[in-house]
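Quick notes on the structure that follows.
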Amino acid sequence: MGGDGAAPGGAGEGWAALRYQRGFGNTHSSEAVPGALPAKGNNPRVCPYGLYAEQLSGTAFTAPRTENARSWFYRVRPSVTHEPFSPSVTPEHLLGEFSRASVTPNQLRWRPLPKPSADQPTDFVHGLYSMCGAGSAADKSGYAVHMYACNQSMEDCCLCNADGELLVVPQEGALRVKSEFGL
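Heads up: the sequence shown is residues 2 to 184, going by the working numbering.
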C-alpha cells in the first residue's frame, strides 16, 4: 500500500481506512462500533447493543484446551436465522475430481488467464479455472491448483470451501476480501 492509501492496481477506495492486526497465531479483537465487545468474558448473558454471541471453533474437540482455536462473533441476528442456501451451477472449468484427468509428461507453462471483458462480468467463483490436481474432493484426499480472473464483486452469493486450505494470490491488481471476520 502506498503512502497515499491507494491500493496496488489503482483500487484506492476505502483502502486507507483499513487497519491491520499483526501476528500469526496471536489473539486479536476488533469492533465495528465502539463498546460492542463485552467488557468481561466472551459470552455474557446480555451482550452490548443487544447483539448475539456466537463461537466458531477451528479445533477438533479432542485437542488439548491450550491448543484450541476459536473466534467469537457478536451478531445483529443469530446465524441460524438465514434463509436456505441454493447451490449455483459449477463452471465446467472448475474441477474437484481428477481421477479421469489426462496426464502428460511434457513441460507445461501457465500463461495468465485472459482478463474478462467489460461486457462479460465475471465474479471470483465463475472466474476460477482448474489447472492441475490429484485425488478427489469427495474422497477428501488430494489437492487442486486453480487460477482465477475476475472483474466484478460477488453480489448476493458466497463461496464455501469445506475441503481444505485455500490460498488466494492475485496475479495483478488488488484483491479485497470481505468475510464474516471483516475486510
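Ideal Cβ placement from N, Cα and C applies to all residues, glycine included.
All figures in this text were calculated on a predicted structure; none of them were measured in a lab.
Check, Outcome
"If V146 and G134 are in contact, beta carbons under 8 Å, what's the gap, nearest whole angstrom?", "6 Å"
"How big is the Cα-Cα spacing for L251 and V178?", "Beyond the ends of the chain as shown, which are 2 and 184, falls residue 251; an answer cannot be given."
"Compare the C-alpha of H29 against each of N44, F74, R112 and name the closest.", "F74"
"Which one of V169, T91, A139 has the shortest CA to CA distance from A163?", "A139"
"Any contact between the region 13–22 and the region 33–46? By contact I mean 3 or more CB pairs, one from each, below 8 Å.", "no"
"Quick one: give me the first and last residue of the beta strand (DSSP E) that R76 is part of.", "71–76"
"To the nearest angstrom, how far is the alpha carbon of Y144 from that of N69?", "26 Å"
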